[in-house]
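Plus 2 on top of the position in the sequence shown (first one is 1) and you've got the numbering used here.
We put the beta carbon where it would ideally sit given N, CA and C, even for glycine.
In this text, all values refer to a predicted model and were calculated from it rather than measured experimentally.
First up is the structure itself, then whatever we jot down about it.
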Amino acid sequence: MTILLGCIADDFTGATDLANNLVRAGMRVVQTIGVPAGPLSAEVDAVVVALKSRTIAPADAVAQSLEALRWLQAQGARQIYFKYCSTFDSTPEGNIGPVTEALMDALGCDFTIATPAFPDNKRTVFKGYLFAGEVLLNESGMQNHPLTPMTDANLVRVLQAQTRRKVGLIDHVAVARGAEAIRERIARLRAEGVGIAIVDAVSNDDLLRLGPALADMPLVTAGSGVAIGLPANFGLAPSSAASALPAAAGLQAVVSGSCSLATNRQVQHFIASGRPALAIDPLAIAAGVDVAAQALAWAAPLLASGPVLVYSTAESGAVKSVQGRLGTEQAGAMVERTIAAIARGLVALGVRRLVVAGGETSGACVQALGIAQMQIGPQIDPGVPWCHALAEAAGGEGLHIALKSGNFGTDDFFTKAFTVPG
Ligand code: ADP
Numbered sequence: 003m004t005i006l007l008g009c010i011a012d013d014f015t016g017a018t019d020l021a022n023n024l025v026r027a028g029m030r031v032v033q034t035i036g037v038p039a040g041p042l043s044a045e046v047d048a049v050v051v052a053l054k055s056r057t058i059a060p061a062d063a064v065a066q067s068l069e070a071l072r073w074l075q076a077q078g079a080r081q082i083y084f085k086y087c088s089t090f091d092s093t094p095e096g097n098i099g100p101v102t103e104a105l106m107d108a109l110g111c112d113f114t115i116a117t118p119a120f121p122d123n124k125r126t127v128f129k130g131y132l133f134a135g136e137v138l139l140n141e142s143g144m145q146n147h148p149l150t151p152m153t154d155a156n157l158v159r160v161l162q163a164q165t166r167r168k169v170g171l172i173d174h175v176a177v178a179r180g181a182e183a184i185r186e187r188i189a190r191l192r193a194e195g196v197g198i199a200i201v202d203a204v205s206n207d208d209l210l211r212l213g214p215a216l217a218d219m220p221l222v223t224a225g226s227g228v229a230i231g232l233p234a235n236f237g238l239a240p241s242s243a244a245s246a247l248p249a250a251a252g253l254q255a256v257v258s259g260s261c262s263l264a265t266n267r268q269v270q271h272f273i274a275s276g277r278p279a280l281a282i283d284p285l286a287i288a289a290g291v292d293v294a295a296q297a298l299a300w301a302a303p304l305l306a307s308g309p310v311l312v313y314s315t316a317e318s319g320a321v322k323s324v325q326g327r328l329g330t331e332q333a334g335a336m337v338e339r340t341i342a343a344i345a346r347g348l349v350a351l352g353v354r355r356l357v358v359a360g361g362e363t364s365g366a367c368v369q370a371l372g373i374a375q376m377q378i379g380p381q382i383d384p385g386v387p388w389c390h391a392l393a394e395a396a397g398g399e400g401l402h403i404a405l406k407s408g409n410f411g412t413d414d415f416f417t418k419a420f421t422v423p424g
């Protein structure tokens, strides 16, 4: 079994976001959790290997990415896609520059592109400057990010600080004129010694014009947006067959460890709809109460009547107070472990359609459930598809799971999800 497109994503929910875009453009996609130990067993067009390499030491990020590359090459991947965040999360040390450079060296390729543009999510690039919504990246709040503060919106400068290769720009004039003009611009940049070019894109039309110009590139680096223009290069068109999953059955539940604004609204909406919901208290976990066992005992008799919600979701004031008492990381890790144990217990009780809210929380749950890879299905909301996975916790049976990162999804997401046929 050989694949067309091999993708390396630098974080978990980012990998799902990319997979979702590829599926919508007509590819059958599997996302793996880390680099698989053995060969791929599914019949798919693309694989997204999810790493957790965004903020680790550059040398580790390079090593993991090269391991993913070797595995993807062994599956026959004809093109490699390195996926990072649509806000270009990185520091002058990396990891976008060092990983791109290492992949180029390994593939023997002297030119690639770099663009986080994702117009569907209001990330646009113009004259090399990245906008998040209506404002420049460095005015968007990202300048205060705890791990990767983005204080410059000029991506040519940002990337140049991270790489020895010369960084250039394929500007909107070329992109607006189409694939031929983009190819000409690439030829000119190459002649000038440019190795990596930032690409302007302010609309999906820009990305669709860019796609054909990337057909012969061994390596593409981007956010998830560029993915919408690639499947057509392999003769694939959007179709519902790409997102087909095995039929969903079994009990339904939601677990939420996200404290984002959207998730707070989603929890309130679920409660207001009259469905059963249980809040778990981080201070009780810290005091040694077996909160997971209590939650499972609460859920067991309710599951037959429809979806239940178990959540640690709280408003920022309450979260800050808990963090002040327990320490931010300690509180986070403790809550993640508890929610993961609850997810595992719910699946043991027969839950086969599970929604998980929270990026870090999702990582903890997928690990606790013993999931190694997920087939990507239909989209519930932008960036959040239903997935199907074989889970150790389900005795090796199939499980439908949706992983929702913080601010994704409409207010009714937790009820709506179960009305979307998975
Ligand atoms: P998001 O995608 O919204 O950022 P994450 O799951 O990535 O959500 O991150 C939320 C973090 O907050 C997790 O580490 C989680 O364990 C922690 N957390 C969840 N609920 C609480 C709470 N009530 N008090 C303190 N920390 C919490």
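Verify the CB distance criterion: does residue i have a CB-CB separation below 8 angstroms to chain C?
i	result
alanine 404	Of the protein chains in the structure, only one exists, and it is not chain C.
Taking 7 angstroms as the cut-off, is the C-beta of residue i nearer than that to any heavy atom in the ligand ADP?
i	result
glutamate 338	yes
glutamine 296	no
threonine 315	yes
serine 407	yes
glutamate 69	no
serine 260	yes
glutamine 1	Residue coverage of the chain in this structure runs from 3 to 424, which leaves residue 1 outside it and unanswerable.
valine 357	no
glycine 334	yes
alanine 17	no
alanine 11	no
valine 321	yes
glycine 360	yes
threonine 4	no
threonine 363	yes
proline 284	yes
Which same chain residues end up closer than 6 angstroms to residue i when comparing Cβ atoms and leaving out the 5 residues on each side of it in sequence?
i	result
threonine 162	The residue asked about is misnamed: residue 162 is glutamine in this sequence, not threonine. The answer, listed in chain order, is Val169.
alanine 17	Ala11, Gln33, Val50 and Ala52
alanine 70	Ile10, Val37 and Val51
valine 300	It should be pointed out that residue 300 corresponds to tryptophan in this sequence rather than to valine. Cβ within range, chain order: Leu280.
aspartate 47	Leu6, Met29 and Arg30
glycine 360	Gly259 and Ser260
lysine 406	Ala359 and Val386
Can you tell me where the alpha helix (DSSP H) with residue i in it begins and where it stops?
i	result
threonine 265	263 to 274
lysine 54	Run containing lysine 54: none; DSSP gives neither H nor E here.
glycine 319	318 to 328
glutamine 296	293 to 301
leucine 157	157 to 162
glycine 16	14 to 26
isoleucine 184	181 to 193
proline 148	Premise fails: proline 148 is in no alpha helix (DSSP H) and is neither H nor E.
Apart from the five residues on each side of it in sequence, which residues of its chain come closer than 7 angstroms, Cβ to Cβ, to residue i?
i	result
alanine 104	Val64, Ser67 and Leu68
arginine 267	Asp413
glutamate 338	Gly259, Glu362, Thr363 and Ala366
Taking the beta strand (DSSP E) that residue i belongs to, which residues open and close that run?
i	result
alanine 108	No beta strand (DSSP E) contains alanine 108, which is instead part of the alpha helix (DSSP H) from 98 to 109.
arginine 93	First, the residue type needs correcting, since residue 93 is threonine and not arginine in the sequence shown. First-last for threonine 93: undefined, no H or E at that position.
glutamine 81	81 to 85
threonine 34	31 to 35
valine 310	310 to 313
valine 196	196 to 201
alanine 11	7 to 11
leucine 171	168 to 172
leucine 454	Since the first and last residues shown for the chain are 3 and 424, residue 454 lies out of range.
What residues in its chain sit with their C-beta under 8 angstroms from that of residue i, if we drop five residues either side in the sequence?
i	result
glutamate 95	Pro60 and Gln164
leucine 304	Pro278 and Val310
For residue i, verify whether its CB is less than 7 angstroms away from any heavy atom of the ligand NAP.
i	result
threonine 265	The ligand NAP is absent from the structure shown, which contains only the ligand ADP.
**Request:** Please list the segments of the beta strand (DSSP E) lying wholly inside the segment 111 to 139, counting only runs of 3 or more residues, in order along the chain.
**Result:** 114 to 117, 125 to 128 and 131 to 134
**Every unbroken beta strand (DSSP E) inside the segment 340 to 422 [3 residues or more]** = 353 to 359, 373 to 383, 386 to 393 and 400 to 406
**Asked** How do the segment 307 to 319 and the segment 258 to 269 stand: do at least 3 beta-carbon pairs fall below 8 angstroms, yes or no?
**Response** yes
**Message:** Would you call the segment 21 to 40 in contact with the segment 227 to 239, where contact means no fewer than 3 C-beta pairs closer than 8 angstroms?
**Reply:** yes
**Prompt:** With contact counted as at least three CB pairs below 8 angstroms, one residue from each stretch, are the segment 355 to 362 and the segment 394 to 409 in contact?
**Reply:** yes
**Asked** Do the segment 173 to 181 and the segment 204 to 216 touch if we need at least three Cβ pairs shorter than 8 angstroms?
**Response** yes
**Request:** Determine, using beta-carbon pairs with one atom in the segment 126 to 138 and one in the segment 189 to 204, whether at least three such pairs fall under 8 angstroms.
**Result:** yes
**Request:** Taking 8 angstroms as the threshold, find out whether the segment 69 to 84 comes into contact with the segment 145 to 152 through three or more Cβ pairs.
**Result:** no
**Validate contact between the segment 152 to 161 and the segment 128 to 138 using beta carbons, cut 8 angstroms, 3 pairs** = yes
**Request:** Could I get the ranges of all uninterrupted alpha helix (DSSP H) runs contained in the segment 204 to 263, with 4 residues as the minimum, in chain order?
**Result:** 206 to 215
**Prompt:** Counting pairs of Cβ atoms below 8 angstroms between the segment 107 to 121 and the segment 214 to 223, do you hit three or more?
**Reply:** yes
**Message:** Assess contact between the segment 245 to 255 and the segment 302 to 312, defined as three or more Cβ pairs (one per stretch) separated by less than 8 angstroms. Is contact present?
**Reply:** yes
**Message:** Between the segment 325 to 343 and the segment 231 to 248, can you find at least three pairs of beta-carbon atoms closer than 8 angstroms?
**Reply:** no
**Given 8 angstroms, three or more beta-carbon pairs between the segment 388 to 398 and the segment 286 to 296** = no
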